[in-house]
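Residue numbers (the numbering used here): 41 to 197. We put the CB at the ideal spot given by N, CA and C, even for glycine.
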């Protein structure tokens, strides 16, 4: 076997028809879901900007007398900032999913193992990110809920 045959053999994929079908279906649905994620990111960022505008609207001097609930403007601003940050964070997994879908379709089209490995790497990165994000979210919730209860009880006294 010469070196070009050996190189071709190393880069060709060997997947059954059923495995290729499952990979193609997975690529379709991950692309669909990644697009939904990008739409969600857009909604979060636009919503955050709107909340920031509401916060600055309630902070203006002309509405200072109309503000009956203390902290309303700061709540809008804080939630707006959180929405924008979450939107920025959620771009990362959406991008991993989209890249997986694109690379998987490319790998199936050209029957190339190197491209297939890149696709699997993007899927691994997606799940790694989601796992770390989930751990952080659980930790934040475990700290935030008791703190909010403590501050609620403190303000009642």
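Here residue 151 carries a coil assignment [DSSP, helix/strand/coil].
Counting only residues of its own chain and dropping the five nearest sequence neighbours on each side, residue 132 has a CB closer than 7 Å to the CB of 169.
DSSP links residue 52 through a beta bridge to 152. With a minimum length of 3 residues, there is no unbroken run of beta strand (DSSP E) contained wholly in the region 135-186. Going by C-alpha positions, residue 95 is about 33 Å away from residue 136.
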